[in-house]
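Below is one structure, written out as structure tokens, with a few remarks after it.
This is the structure we're talking about:
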């Protein structure tokens, strides 16, 4: 079987993480080589604060440009985006970001479901969605929606996750394409990028 | 052989038809709102209205104006708080008020005022700065029920406790309780705050400028618009503002990426306070 048949060509990667997420994301993203071409959009649950230091923390530890996702700006290739604390984040059909102050989902804003569902509607089968460690149920519905739209779904192996609740909640309602430890997810992302190029 | 059509496109077609129907029948224009947010709210409405498809919801609201008014409550987002982002209001006090004081009379437009939290915040700030008596505030929104609530000025005590902390951090000079009377778990705000406030139905999507203003506050409204509609709104603000007038936005909103990017300059960038250049 050739690569193209095994994996669809991916245009964007979305990642959701909660408790234990900073460590998991650093382990996943810092090995990515300079010039990684796909955009990676991350919702990480954090306590609400006026300014997020996430982009600054990750900018020192990853080789991609890192930005906070800004309302109405276009998703750019090869960039790592973080959702703004306190706002939901969506990707619109024209591949621009939108922010929203709608009600919290699973007590969270930004919510992983919100990003995943909108990105699935926009990218369809060209989306890869990754759900990592966490202590709530956010992301499970979003992941199912990604699958319904033909996208690729990846869940961190709950036995390896710092907090198993969130990946396990996704596995309870959805059979993902891949259940992998962080190292395996990283290698898969590299493979997806290679095929997309 | 019969052609196959993708099933998941149905809901997108239905959503567009619903929004078009609402526009044609009721003149509320959601056509240039951000898609993901509108889609979520319509899906939420399907549950509330017990409709299995958006087409069923469309039939209901097209033939029943009462049902439409209920749907409008779900499509507009009445989430607001008084003195939201206290540092924003502190910056208005410090950087904008001294310049506003140079005008003999002041007109302020609060666009998308929802249930009035921004209006009362601004009125309280202006009173403490001695400007309220010579200010006219136009508070506009597309949702008549939100405007009614705003006019009443009654807020739950539970929320008012959170607003009190905001007020203090925003440089409030009195006791917040001076501005309302508490009764049965509600805070009824001082009517005199609204003596010079005109509440009016106005849509940034379909209406035009109605007055020259010195300051426009439009916070956490533009994020629900697409770029085209944001451009329209910035155009209205630019037209309404006097020479060197002030535009204040929500904490993640900016004119920078709009067609009017170079027509506004930041006064306090971090707090989203701009001036017409």
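Chains as they are written, first to last, in the numbering used here: chain V, -12 to 184; chain G, 15 to 291.
Cβ atoms here follow ideal geometry from the backbone N, Cα and C, with glycine treated the same way.
Are any of the Cβ atoms in chain V nearer than 8 Å to that of residue i?
i             : result
residue 169/G : no
residue 222/G : no
residue 91/G  : yes
residue 157/G : no
residue 271/G : yes
residue 62/G  : no
residue 244/G : yes
residue 54/G  : yes
Note down, in chain order, every chain G residue with its Cβ under 8 Å from the Cβ of residue i.
i             : result
residue 132/V : Simply none; closest approach about 10 Å.
residue 79/V  : 48, 49, 50, 240
Within the 8 Å Cβ cut-off, does residue i reach chain G?
i             : result
residue 74/V  : yes
residue 105/V : yes
residue 89/V  : yes
residue 58/V  : yes
residue -11/V : At residue -11/V, the pLDDT of 47 sits below 50, so the modelled position is not reliable; the number obtained from the coordinates is stated separately. With 8 Å as the cut-off, residue -11/V does not count as an interface residue toward chain G.
residue 4/V   : no
Pull up the CB-CB distance for residue i and residue j, whole angstroms please, since I reckon it's below 8 Å.
i             : j             : result
residue 29/V  : residue 12/V  : 7 Å
residue 56/V  : residue 69/V  : 7 Å
residue 264/G : residue 237/G : 7 Å
residue 218/G : residue 46/G  : Going by Cβ atoms, the distance from residue 218/G to residue 46/G rounds to 10 Å, so no, they are not a contact pair.
residue 5/V   : residue 116/V : With 8 Å as the limit, residue 5/V and residue 116/V do not qualify as a contact, their Cβ atoms being about 15 Å apart.
residue 152/G : residue 228/G : Going by Cβ atoms, the distance from residue 152/G to residue 228/G rounds to 12 Å, so no, they are not a contact pair.
residue 177/G : residue 190/G : 7 Å
residue 98/V  : residue 132/V : At roughly 13 Å, the Cβ-Cβ gap does not stay under 8 Å, so residue 98/V and residue 132/V are not in contact.
residue 291/G : residue 271/G : With 8 Å as the limit, residue 291/G and residue 271/G do not qualify as a contact, their Cβ atoms being about 16 Å apart.
residue 148/V : residue 109/V : Between residue 109/V and residue 148/V the Cβ distance is about 28 Å, and since that is not below 8 Å, they are no contact.
residue 124/G : residue 167/G : Incorrect: roughly 14 Å between the Cβ atoms, too far for contact.
residue 78/V  : residue 105/V : 5 Å
residue 23/V  : residue 51/V  : 6 Å
residue 179/V : residue -3/V  : 5 Å
Cβ closer than 7 Å: which chain G residues qualify as neighbours of residue i?
i            : result
residue 71/V : 266
residue 85/V : 48, 50, 51, 237
For a contact meaning CB atoms closer than 7 Å, what does residue i contact in chain V?
i             : result
residue 234/G : 88
residue 277/G : Simply none; closest approach about 17 Å.
Any chance the CB of residue i is under 7 Å from a heavy atom of the ligand ZN?
i            : result
residue 89/V : The ligand ZN is absent from the structure shown, which contains no ligands of any kind.
So that I know if they touch, is there some Cβ in chain A lying closer than 8 Å to that of residue i?
i             : result
residue 267/G : Of the chains in the structure shown, none is chain A; the protein chains are V and G.
> Which residues, in order along the segment 248 to 269 of chain G, keep a beta-carbon less than 9 Å from a beta-carbon of chain V?
Replying inline: 264, 265, 266, 267, 268
> At a Cβ cut of 7 Å, what residues of the segment 176 to 195 of chain G count as close to chain V, listed as they run along the chain?
Replying inline: none
>> Extract the residue ranges of the alpha helix (DSSP H) inside the segment 2 to 69 of chain V, only unbroken runs of 4 or more that lie entirely within it.
In response: Every unbroken stretch of the alpha helix (DSSP H) spanning 4 or more residues and falling wholly within the segment 2 to 69 of chain V is given here in chain order: 8 to 16, 41 to 46.
> Along the chain, which unbroken stretches of the beta strand (DSSP E) at least 3 residues long are found entirely within the segment 184 to 208 of chain G?
Replying inline: 194 to 197, 200 to 203
>> My parser needs the alpha helix (DSSP H) runs of 4 or more residues fully inside the segment 78 to 158 of chain V; what are they?
In response: Those alpha helix (DSSP H) runs which fall completely within the segment 78 to 158 of chain V and span 4+ residues are 99 to 110, 127 to 135.
> Taking the runs of the alpha helix (DSSP H) that are 4 residues or longer, which of them lie wholly in the segment 46 to 89 of chain G?
Replying inline: Taking 4 residues as the shortest admissible run, the segment 46 to 89 of chain G contains the following complete alpha helix (DSSP H) segments, listed from N- to C-terminal end: 49 to 62, 68 to 77, 79 to 89.
> Which runs of the beta strand (DSSP E) fall wholly inside the segment 106 to 138 of chain G and span at least 3 residues, in chain order?
Replying inline: 120 to 125
>> My parser needs the beta strand (DSSP E) runs of 3 or more residues fully inside the segment 205 to 244 of chain G; what are they?
In response: 211 to 215, 227 to 232
>> Give the list of continuous alpha helix (DSSP H) stretches no shorter than 4 residues that lie fully inside the segment 237 to 285 of chain G.
In response: Taking 4 residues as the minimum length, the alpha helix (DSSP H) runs contained wholly in the segment 237 to 285 of chain G are 241 to 254, in order along the chain.
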